[in-house]
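*Asks:* Heads up: the sequence lines are chains A and B, in that order.
Position one of the first sequence corresponds to residue 231 (my numbering), numbered consecutively onward.
Position one of the second sequence corresponds to residue 237 (my numbering), numbered consecutively onward.
Quick reminder that beta carbons are idealized off the backbone N, C-alpha and C, glycines included.
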Amino acid sequence: MTQLALIIDLNVCVGCSACVTSCKEWNTSGPAGFMSDDNPYAKDPTGTFFNRVQTYEVGTYPNTETVHFPKSCLHCEEPPCVPVCPTGASYKRENDGIVLVDYDKCIGCKYCSWACPYGAREIDEHQKVMKKCTLCVDRIYDESLPESERKPACVLACPTNARLFGDVHDPDSYVSTVIREEGGYPLMPEWGTQPSNHYLPRRKNKITIHEDELIRVDNPLNKEQKEHHKPVDGAVLDDSSFI
Amino acid sequence: MHPAFSVIFLTTLIGAAQGLFLALFSTQVYQEVGILSNVSASGFYGTGAVISLILLGLGLFSSFFHLGHPERAWRAAAMWRTSWLSREVIALPTMMAAVFVYGVMHMFDMDGIALTVGSVNLSASLFVGVFGVIAAFALFICTAMIYACIKFLQEWSTPLTVINYFLFGTASGFTLATALAAYLGLQEQVSFLGGWAIALTVAVFITRLASLYRNNRIKYKSTVQSAIGIRHNQIQQKVQGAMGGSFNTREYFHGKTAQFLKSIKYIFLVLVFPVPVALMATALSDGNTSILVAAFVIQYAGLLAERWFFFAQANHPQNIYYQTV
Chain A
231 MTQLALIIDL NVCVGCSACV TSCKEWNTSG PAGFMSDDNP YAKDPTGTFF
281 NRVQTYEVGT YPNTETVHFP KSCLHCEEPP CVPVCPTGAS YKRENDGIVL
331 VDYDKCIGCK YCSWACPYGA REIDEHQKVM KKCTLCVDRI YDESLPESER
381 KPACVLACPT NARLFGDVHD PDSYVSTVIR EEGGYPLMPE WGTQPSNHYL
431 PRRKNKITIH EDELIRVDNP LNKEQKEHHK PVDGAVLDDS SFI
Chain B
237 MHPAFSVIFL TTLIGAAQGL FLALFSTQVY QEVGILSNVS ASGFYGTGAV
287 ISLILLGLGL FSSFFHLGHP ERAWRAAAMW RTSWLSREVI ALPTMMAAVF
337 VYGVMHMFDM DGIALTVGSV NLSASLFVGV FGVIAAFALF ICTAMIYACI
387 KFLQEWSTPL TVINYFLFGT ASGFTLATAL AAYLGLQEQV SFLGGWAIAL
437 TVAVFITRLA SLYRNNRIKY KSTVQSAIGI RHNQIQQKVQ GAMGGSFNTR
487 EYFHGKTAQF LKSIKYIFLV LVFPVPVALM ATALSDGNTS ILVAAFVIQY
537 AGLLAERWFF FAQANHPQNI YYQTV
């Protein structure tokens, strides 16, 4: 079975929000209708987004690190938001594991947003239906696009390649490989939601060199040299061996 | 969580209506086995069923204000296999239908003896009543399980939620039934129902204190470390991904101070428990209608505060991602 997902590499995310704007641009112009905003250019702007970038400061000054943290629907393998929906508007697709909302069935009761521990769902204050990341389901299968562009808008927009897209159930896929080899982890594993999206941790390229690796204490030559450099009186065997 | 008044009114109104129906049914059972004396069917049972039906209808009406698309509400019965909300949507009209039939049978004297066991004659309305009792219990469970089934809302995820919803509903319903019996001048029924109302109020006082005690000592499973997956004790949020707030900053916070929350807690602890119990204790002997009505109104006002507190106290783990609110 296929499970499409995003992998967010926190090591290279620079927090530019290109994923946020390209997501909004693509999805607000999509067939499902606009994503409404209030006061977009005035005081207290607010609106519906599928994806947001947050920033955290880790550590205390001066030993701090800034972590940019993009956050969107994790397309859980056990999505708690789906069984609670009274109308069946919230569902998980069998064929590719994408969690979607049927905007024509949603009654806007917000119960699914209560049942999501990640706060990934946002109600559209004007259309009065629950909205969330669709993994750009309307473009990843669009055969009128060149194959290289059949990816979510956020993935294409990311300038540092911090967002990877693929099938996390295929053990040989690129995303599965990086999860396995680069320490990919899920968010809030304590609730058993099994998020499909994974995050790659901050990684520092370090090599550990011990002192005994710089000066080899067990160098046999050293030992031998110490033996042979003892002052010798008179001729030794070497002095006469080639005569 | 942000308490929504539509849901506060829904849960308190239908709770009182269910409790009132259970009170009517209990009275009828006691009457038919000969413990309580007979009363006019259309008076106590008919009026009681009408009041119960009105409260259920008001609750249903108020629930529509919670929906973004009330015109699609009929769809909500679809997923009863998985969703407690969907089950509630089925249980509520079922309960209303049972109360309606029960009320009509009493109101228009359409009752008759359905079964005779020894010297006891059981009327047909009693069997409709059994169906209503099952529906009332199912509705209590559905309403409470909507909240109790969300395991990461740790304040709600406990059997005490179900117990409290049941006991709060029955306590207020029996208080209302006591007031109704007093209004109709049924002194024997006033003592019977008032006794139960006091007992249920005391019971829910104990279980609610238990849940307050539990919730004060919750150890939250999710931390900012598990939420963003970084192992460090010092993590501070600097940006939450929205300049002027978002759905996430509005829906999951009560937006009041800790002091306000605390004062609501003390208000409901006083209004729901000691005041109605004291009022009922003084008025039970002489069946003073106005004092018993006051007991119900005060208890109901306290229940509104209780429900507000119930929602406001729940701390959603998504708030970890919005620390700066």
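1) Would you say W256 of chain A reaches chain B, if we count a Cβ-Cβ gap shorter than 8 Å as a contact?
2) Using the Cα positions of V325 of chain B and A312 of chain B, report the straight-line distance between them to the nearest angstrom.
3) List the residues of chain B that V297 of chain A touches, going by C-beta distances under 9 Å, in chain order.
4) Of the residues A:E411, A:L386, A:R369, which one's Cα is nearest the Cα of P261 of chain A?
5) Tell me whether the beta-carbon of F280 of chain B lies closer than 8 Å to the beta-carbon of A334 of chain B.
6) Does DSSP put T317 of chain A in a helix, in a strand, or in coil?
7) For L583 of chain B versus G339 of chain B, is the C-beta spacing smaller than 8 Å?
8) Rounded to whole angstroms, what's the CA-CA distance from D413 of chain A to R433 of chain A? Just pull it up for me.
9) Spatial neighbours of V369 of chain B within its chain, please: CB distance less than 7 Å, with the 5 preceding and 5 following residues excluded, ordered by chain position.
10) Listing by chain order, which chain B residues have their CB less than 7 Å from the CB of H433 of chain A?
11) Say whether chain A places a C-beta atom closer than 8 Å to the C-beta of P553 of chain B.
12) Below 8 Å on the Cβ atoms is my contact criterion, and I expect H356 of chain A with S259 of chain A to pass it. Report the Cβ-Cβ distance as a whole number of Å.
13) What is the residue span of the beta strand (DSSP E) that A350 of chain B lies within?
14) Counting only C-beta atoms, is A262 of chain A closer than 8 Å to chain B at any point?
15) Going along chain A in order, which residues have a C-beta closer than 7 Å to the C-beta of V475 of chain B?
16) Am I right that I238 of chain A and A392 of chain A are in contact with their C-beta atoms under 8 Å? What's the rounded C-beta distance?
17) With DSSP run on the structure shown, which of helix, strand or coil describes F395 of chain A?
18) Keeping to the same chain, check which residues put their C-beta closer than 6 Å to that of K322 of chain A; ignore five residues upstream and five downstream.
19) List the residues of chain A whose Cβ lies closer than 9 Å to the Cβ of G270 of chain B, in chain order.
20) Are the C-beta of G289 of chain A and some C-beta of chain B separated by less than 8 Å?
21) Who are the Cβ neighbours of R380 of chain A in its own chain at under 6 Å, not counting the five residues just before and after it?
22) Secondary structure at S359 of chain B, three-state DSSP: helix, strand or coil?
23) Do N269 of chain A and V250 of chain A count as a contact pair if the criterion is CB distance below 8 Å?
24) Going by DSSP, what residues sit across from L304 of chain A in a beta bridge?
25) Taking the runs of the alpha helix (DSSP H) that are 4 residues or longer, which of them lie wholly in the stretch 380-440 of chain A?
26) Looking only at C-alpha atoms, which of A:T285, A:K362, A:W256 sits nearest to V244 of chain A?
27) State the DSSP-derived secondary structure class of M346 of chain B, mapped to helix, strand or coil.
28) Among B:Q470, B:P512, B:A550, B:G481, which residue has its Cα nearest to the Cα of Y291 of chain A?
29) Anything in chain A within Cβ reach of L321 of chain B, meaning under 9 Å, just list it in chain order.
30) Here's the rule: buried if 16 or more other CB atoms are within 10 angstroms of the residue's CB, otherwise exposed. What is H440 of chain A?
31) Would you list the one or two residues that DSSP bridges to V440 of chain B?
32) Does DSSP put D476 of chain A in a helix, in a strand, or in coil?
33) According to the Cβ coordinates, are A309 of chain B and I353 of chain A closer than 8 Å?
34) Could you check which residue in B:A415, B:T406, B:Y502 has the C-alpha nearest to that of A252 of chain B?
35) Counting only C-beta atoms, is I386 of chain B closer than 8 Å to chain A at any point?
36) Which value, in whole angstroms, describes the spacing of the CA atoms of Q549 of chain B and L497 of chain B?
*Replies:* Reading off the structure:
1) Here residue 256 of chain A is taken as the residue at index 26 of the first sequence, counted from 1. No, no contact with chain B.
2) Walking along the second sequence from the start, residue 325 of chain B turns up at place 89. Walking along the second sequence from the start, residue 312 of chain B turns up at place 76. Cα to Cα, V325 of chain B sits roughly 7 Å from A312 of chain B.
3) On the first sequence, position 67 is the one that residue 297 of chain A refers to. Neighbours of V297 of chain A on chain B, chain order: I464, I466, I471.
4) As a working note, residue 261 of chain A is residue 31 in the first sequence. It is A:R369.
5) To locate residue 280 of chain B, count along the second sequence from 1; it is residue 44. To locate residue 334 of chain B, count along the second sequence from 1; it is residue 98. It is not a contact, given that the beta carbons lie outside the stated cut-off.
6) For the purposes of this step, residue 317 of chain A is taken as the residue at position 87 of the first sequence. In this structure, T317 of chain A counts as coil in the three-state DSSP scheme.
7) This structure cannot speak to residue 583 of chain B, because chain B is shown only from 237 to 561.
8) As a first step, residue 413 of chain A must be located in the first sequence, where it is residue number 183. As a first step, residue 433 of chain A must be located in the first sequence, where it is residue number 203. As written in the sequence, residue 413 of chain A is Gly, which differs from the Asp given in the question. Roughly 9 Å between the two C-alpha positions.
9) Taking the first residue of the second sequence as position 1, residue 369 of chain B is located at position 133. Within the same chain, V369 of chain B has close Cβ partners L258, F261.
10) Walking along the first sequence from the start, residue 433 of chain A turns up at place 203. Looking at the sequence provided, one finds Arg at residue 433 of chain A rather than His. Under the 7 Å cutoff, chain B gives no residues; its nearest Cβ is about 12 Å from R433 of chain A.
11) Numbered from 1 along the second sequence, position 317 holds the residue referred to as residue 553 of chain B. P553 of chain B counts as touching chain A.
12) Residue numbering aside, residue 356 of chain A sits at position 126 when the first sequence is read from its first letter. Residue numbering aside, residue 259 of chain A sits at position 29 when the first sequence is read from its first letter. Actually they are not in contact, since the Cβ atoms of H356 of chain A and S259 of chain A sit about 16 Å apart, beyond 8 Å.
13) Taking the first residue of the second sequence as 1, we reach residue 350 of chain B at position 114. Start and end: 349-353.
14) Here residue 262 of chain A refers to the residue found at position 32 of the first sequence. Closer than 8 Å: no.
15) Residue 475 of chain B sits at position 239 when you count from the first residue of the second sequence. The contacting residues are Q284, T285.
16) Within the first sequence, residue 238 of chain A is the residue found at index 8, counting from 1. Within the first sequence, residue 392 of chain A is the residue found at index 162, counting from 1. Correct: roughly 6 Å between the Cβ atoms.
17) Here the question's residue 395 of chain A lines up with position 165 in the first sequence. In this structure, F395 of chain A counts as strand in the three-state DSSP scheme.
18) Residue 322 of chain A sits at position 92 when you count from the first residue of the first sequence. Here the set comprises P309, V312, V329.
19) For the purposes of this step, residue 270 of chain B is taken as the residue at position 34 of the second sequence. Those within 9 Å of G270 of chain B in chain A number zero; the least Cβ separation is about 45 Å.
20) Here residue 289 of chain A refers to the residue found at position 59 of the first sequence. Closer than 8 Å to some Cβ of chain B, the Cβ of G289 of chain A qualifies, so yes.
21) Here residue 380 of chain A refers to the residue found at position 150 when the first sequence is read from its first residue. Same-chain partners within the cutoff: I370.
22) As a first step, residue 359 of chain B is located in the second sequence; it is residue number 123 there, counting from the start. Correct three-state label for S359 of chain B: strand.
23) The residue labelled residue 250 of chain A in the question sits at position 20 within the first sequence. The residue labelled residue 269 of chain A in the question sits at position 39 within the first sequence. No, the pair does not count as a contact, with Cβ atoms beyond the cut-off.
24) Walking along the first sequence from the start, residue 304 of chain A turns up at place 74. According to DSSP, L304 of chain A bridges with nothing at all.
25) 383-387, 404-411
26) In the first sequence, residue 244 of chain A corresponds to position 14, counting from 1. For the residues A:T285, A:K362, A:W256, the minimum Cα distance to V244 of chain A belongs to A:T285.
27) In the second sequence, counting from the first residue as 1, residue 346 of chain B sits at position 110. M346 of chain B: coil per DSSP, three-state reduction.
28) Numbered from 1 along the first sequence, position 61 holds the residue referred to as residue 291 of chain A. Among B:Q470, B:P512, B:A550, B:G481, the Cα nearest to that of Y291 of chain A belongs to B:Q470.
29) By one-based count along the second sequence, residue 321 of chain B stands at place 85. In chain order: V314, C315, P316, C339, Y341.
30) As a position in the first sequence, residue 440 of chain A is number 210, starting the count at 1. It is exposed - the Cβ of H440 of chain A has fewer than 16 other Cβ atoms within 10 Å.
31) Residue numbering aside, residue 440 of chain B sits at position 204 when the second sequence is read from its first letter. Bridge partners of V440 of chain B: none, in fact.
32) In this structure chain A extends from 231 to 473, so residue 476 of chain A is not present and cannot be described.
33) As a working mapping, residue 309 of chain B is identified with position 73 in the second sequence. As a working mapping, residue 353 of chain A is identified with position 123 in the first sequence. No, these two residues do not count as a Cβ contact at 8 Å.
34) On the second sequence, position 16 is the one that residue 252 of chain B refers to. Cα-wise, what sits closest to A252 of chain B is B:T406.
35) Counting from 1 along the second sequence, the entry for residue 386 of chain B is found at position 150. At least one chain A Cβ lies under 8 Å of I386 of chain B.
36) Numbered from its first residue, the second sequence carries residue 549 of chain B at position 313. Numbered from its first residue, the second sequence carries residue 497 of chain B at position 261. The straight-line gap from Cα to Cα measures roughly 8 Å.
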